[in-house]
Structure formats: C-alpha cells, structure tokens
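Scroll down for the structure; my scribbles are underneath it.
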Amino acid sequence: MIPLVLDWDGTVTERDGLDMIVRRFGDPAVFERMTGLFGTLTLEQVIAAEIETIRAPLDEVVAWVVENVRIRPGFAELVRERDPLIVSAGFHELIAPVLEREGIGVRGVVVEADVPAAAGGALRGASVRLIANRLDSRPGGWGVVFREKGTCSVCGERCKRGDVPTGVPYVYVGDGLSDRCVSVAASRRFARTGLARWLDEQAIPYEPFADLHEIRAALDRDPPTP
9 MIPLVLDWDG TVTERDGLDM IVRRFGDPAV FERMTGLFGT LTLEQVIAAE
59 IETIRAPLDE VVAWVVENVR IRPGFAELVR ERDPLIVSAG FHELIAPVLE
109 REGIGVRGVV VEADVPAAAG GALRGASVRL IANRLDSRPG GWGVVFREKG
159 TCSVCGERCK RGDVPTGVPY VYVGDGLSDR CVSVAASRRF ARTGLARWLD
209 EQAIPYEPFA DLHEIRAALD RDPPTP
C-alpha cells in the first residue's frame, strides 16, 4: 500500500488550530502581519513570531484546544484503514491531546521525542504516527523547538519533504502553506482552500475534498499503485 501522508491543521481538523490559538491567546495583529510576510520570511520564522505572542499557561491553551478544535469526518476510519503518517508544522503538545480525545494514540516511532500512546487509543486499538514540532511554553512568550531536518533543495526551506521517505511514492492530503512543496513531490494529492488555489496557479493536478470520507472513497475507488 502506498503511504498516505496527512497535514493536521485545517486538513485533519476542520479549522486551523494554530490560527485559532494565536487569535484567542496571542496577538491577532501580529498574526495578520506575519501571514502577509510569508515569502519574505520563511514559514518557520512566521510561525515562531506568531507563537511568541502567546503567554497563557500551556495547560489552559490545551484545555481550550481540546474543547474547541473539531476533527474532520472520516479521520478515525482513515486511521484504522490506511495507517496514515501525520506531518504537521504545528506542535505535539496541541495535537496529541486532541487525538487522545478522539480515542487515538500516538506511536512514537518517527517523532522527535517520546510521546506515550493515549489511553483512549490503546483501549480502542487505534494509533497514528505523528511528526510535529515542540513548544517551549515560557511565561514571557512561547518559544518553538523546530524539528531538525535539512534545507530543501527545491523550495529552500526546511519543509515537510524532509519528513517523508525519499524516492518512495506517497499520497498527500493538505490545505495550506506548509503543504506546498511536499504535495508537489507526491504521486497523488488531495487539496482544499489555500493549497488548492496554489496548485491551480501552478497547473498541478489534485483532487479536491471536503471531508476525509471523500479521501477514503477515492482511494477505495481508484487505489494508488506503486
């Protein structure tokens, strides 16, 4: 089976959780200004500047995320049927609790540090592989611990291409800025919102989706071949 790689924020989730927490706990003006600077600044610089405006305790933000971040329909079934790899420009500390709420554990085989499987995932027999960054939640402003990877020879950033196996065909599902380069390298891609618009501009083919049931149906109807 060809590997399935999923973005998290805005792809697995119905709304971008990073955007939500910066608007709720950080400085929305900085968020708007930094988003417009992508291309002048790297994506990592943009994310770090936005996250630095958050000063709330991590446990408070996590509780809010668990209460407010919703998962796109079809995700649990996709996890059980396809064993996807989640590759995120976001953070373990904000992703793992939402997975736990859904009864899905995290397998720490490819992550940057140990994340124990959530109890709910272990009980219900579902777990997912996750690659994401780390937070340093200092009271004076959060910091970001980006995962170590080399600079991409295609886009010039430390992009998600460095998180997927080299030379192996894969299916990619994404929605935003961090998904551009890695989606181009995929043998098949599903896109929505910003990523879909960008792929249109580049004349790169993709399949649109609204929920993850559509991904399941498309892969069942037309299975990717190595």
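Numbering (the numbering used here), first residue to last: 9 to 234.
Using N, Cα and C, we set each Cβ at its ideal position, and we do this for glycine too.
Residue range of the unbroken alpha helix (DSSP H) whose run includes residue i
{"i": "R200", "result": "Unbroken run through R200: none, as it is neither H nor E."}
{"i": "S135", "result": "Here S135 belongs to no alpha helix (DSSP H); instead the beta strand (DSSP E) covers S135 to D144."}
{"i": "R229", "result": "L220 to R229"}
{"i": "V54", "result": "L51 to I59"}
{"i": "V77", "result": "Run containing V77: none; DSSP gives neither H nor E here."}
Range of the contiguous beta strand (DSSP E) that encloses residue i
{"i": "F99", "result": "L93 to F99"}
{"i": "R90", "result": "That residue, R90, is in no beta strand (DSSP E); its alpha helix (DSSP H) goes F83 to R90."}
{"i": "R155", "result": "Note, R155: premise wrong, no beta strand (DSSP E); not H, not E."}
{"i": "L12", "result": "L12 to L14"}
Spatial distance of residue i from residue j (CA atoms)
{"i": "P65", "j": "A199", "result": "34 Å"}
{"i": "F46", "j": "D183", "result": "16 Å"}
{"i": "P101", "j": "N76", "result": "The amino acid occupying residue 101 in the given sequence is Glu; Pro does not appear at that position. Looking at the two C-alpha atoms, the distance is approximately 15 Å."}
{"i": "I59", "j": "R32", "result": "12 Å"}
{"i": "T50", "j": "L143", "result": "18 Å"}
{"i": "F217", "j": "G113", "result": "25 Å"}
{"i": "A193", "j": "P231", "result": "18 Å"}
{"i": "K157", "j": "R166", "result": "6 Å"}
{"i": "V20", "j": "R80", "result": "5 Å"}
{"i": "E22", "j": "G175", "result": "31 Å"}
{"i": "R88", "j": "E68", "result": "31 Å"}
{"i": "L107", "j": "R78", "result": "10 Å"}
Whole-angstrom C-beta distance between residue j and residue i, which should lie under 8 Å
{"i": "A140", "j": "F99", "result": "6 Å"}
{"i": "I248", "j": "P177", "result": "Residue 248 cannot be examined here, being either before or after the span of the chain that is shown, 9 to 234."}
{"i": "V190", "j": "R169", "result": "5 Å"}
{"i": "P92", "j": "L207", "result": "Not quite, the Cβ-Cβ distance comes to about 20 Å (not below 8 Å), so this is no contact."}
Where residue i falls: helix, strand or coil (DSSP)
{"i": "F33", "result": "helix"}
{"i": "P216", "result": "strand"}
{"i": "R196", "result": "strand"}
{"i": "R115", "result": "strand"}
{"i": "L207", "result": "helix"}
{"i": "T233", "result": "coil"}
{"i": "V179", "result": "strand"}
Nearest candidate by alpha-carbon position, reference residue i, set the options
{"i": "C163", "options": "R188, E68 and L26", "result": "R188"}
{"i": "G34", "options": "V13, T19 and I62", "result": "I62"}
{"i": "R137", "options": "V153, E52, V172 and V38", "result": "V172"}
{"i": "P105", "options": "V73, R115, A84 and L86", "result": "V73"}
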